[in-house]
Amino acid sequence: MRLIESEGLPGPTQVDWIIALLVSISLLLTVRSMALPLSPLVLMLAGLLMPLTAMLMQWIRIQGRQQTSSWLLLIILGYLGLLLGVQLDFGAPGLLILATWCSSYSDSGLVYLWGKLTIAPCSHLGMMLGCNLALLMHCQHKLNWQYIVLCNIGMLGGMLLVEIWQPVFAQDTRMLAIVIIIQMMAAMLLGMAAIAWLMRRRASLRAVNLPILNGVTK
28 MRLIESEGLP GPTQVDWIIA LLVSISLLLT VRSMALPLSP LVLMLAGLLM
78 PLTAMLMQWI RIQGRQQTSS WLLLIILGYL GLLLGVQLDF GAPGLLILAT
128 WCSSYSDSGL VYLWGKLTIA PCSHLGMMLG CNLALLMHCQ HKLNWQYIVL
178 CNIGMLGGML LVEIWQPVFA QDTRMLAIVI IIQMMAAMLL GMAAIAWLMR
228 RRASLRAVNL PILNGVTK
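Numbering (our numbering), first residue to last: 28 to 245.
Spelled out as structure tokens, the structure:
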């Protein structure tokens, strides 16, 4: 992922630390949403996570792994959007309340999905907004609206396919909350990954067929 280095805008190192701060904030919000105490150990882990994340992002950038950087940013912003959304939907212990609702809901399939969307609209919307923000940052030099629209369709499609399965094996409510997080993020990522793969496949086929078509038209 290319980063803008113009005057007045954050440089690559500053961006690394901004992402690291977002990761630490996500950890603290996760603990809060699970109705767990912010113990000194948690605060220490959040503090240690910042330099570790910044070093990881710097190493990824130096290695030129733009695709990895883009996916990590998408996961971080999407997850942060999810956390902020459950706060708006349910208050401070948002994930725990959502998991409690899921464990008590008897329906499954599309009925379960519709119920989850109805009871937690901000959670799903926040996750999608976070993912879209990451897409806009990735396409900041040249906006590809077709790619962004298709990625959103992929996210919705992935959510439809993944979230119709109701996780019933987790007995503990907090464990169920973790399963729900993985489930919701996986839905978004799988849908976007499918769209990205299809677009790369289409581009590669066009690159192969274009010389043939040019030879036929001459």
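Even glycine gets a Cβ: it sits at the ideal position worked out from N, Cα and C.
All of these numbers come straight from a predicted model, not from anything done at the bench.
Nonlocal neighbours in the same chain, by C-beta distance under 7 angstroms from residue i, ignoring five residues either side
{"i": "residue 217", "result": "185, 189"}
{"i": "residue 202", "result": "none"}
{"i": "residue 58", "result": "65, 69"}
{"i": "residue 44", "result": "81"}
{"i": "residue 62", "result": "120, 123"}
Rounded C-alpha distance that separates residue i from residue j
{"i": "residue 177", "j": "residue 54", "result": "30 angstroms"}
{"i": "residue 48", "j": "residue 230", "result": "36 angstroms"}
{"i": "residue 85", "j": "residue 95", "result": "12 angstroms"}
{"i": "residue 224", "j": "residue 66", "result": "43 angstroms"}
{"i": "residue 211", "j": "residue 233", "result": "34 angstroms"}
{"i": "residue 172", "j": "residue 163", "result": "9 angstroms"}
{"i": "residue 149", "j": "residue 107", "result": "12 angstroms"}
{"i": "residue 99", "j": "residue 109", "result": "15 angstroms"}
{"i": "residue 204", "j": "residue 83", "result": "27 angstroms"}
{"i": "residue 199", "j": "residue 117", "result": "19 angstroms"}
{"i": "residue 228", "j": "residue 222", "result": "10 angstroms"}
{"i": "residue 72", "j": "residue 56", "result": "13 angstroms"}
{"i": "residue 142", "j": "residue 154", "result": "17 angstroms"}
{"i": "residue 128", "j": "residue 87", "result": "39 angstroms"}
{"i": "residue 91", "j": "residue 206", "result": "33 angstroms"}
Other residues of its chain near residue i: CB distance less than 8 angstroms, five sequence neighbours each side excluded
{"i": "residue 166", "result": "174, 175"}
{"i": "residue 219", "result": "101, 158, 178, 181, 182, 185"}
{"i": "residue 144", "result": "151"}
{"i": "residue 226", "result": "174, 177"}
{"i": "residue 50", "result": "76, 77, 80, 103"}
Selection from the options that minimises the alpha carbon distance to residue i
{"i": "residue 40", "options": "57, 89, 59, 68", "result": "89"}
{"i": "residue 46", "options": "150, 219, 97, 68", "result": "97"}
{"i": "residue 208", "options": "111, 228, 141, 222", "result": "111"}
{"i": "residue 140", "options": "60, 227, 214, 44", "result": "214"}
{"i": "residue 147", "options": "114, 138, 71, 131", "result": "114"}
{"i": "residue 126", "options": "137, 51, 60", "result": "60"}
{"i": "residue 138", "options": "187, 91, 154", "result": "187"}
Own chain partners of residue i with C-beta closer than 6 angstroms, once the 5 adjacent residues on each side are dropped
{"i": "residue 104", "result": "157, 160, 161"}
{"i": "residue 36", "result": "Reliability of the predicted coordinates at residue 36 is poor, the pLDDT of 45 falling under 50, and no value is obtained from them."}
{"i": "residue 131", "result": "none"}
Can you find at least 3 beta carbon pairs, one from the region 65 to 84 and one from the region 114 to 134, that sit closer than 8 angstroms?
no
Uninterrupted alpha helix (DSSP H) stretches inside the region 39 to 107 (no shorter than 4 residues)
39 to 60, 67 to 89
4-residue-minimum alpha helix (DSSP H) runs that sit fully inside the region 123 to 150, ordered along the chain:
136 to 146
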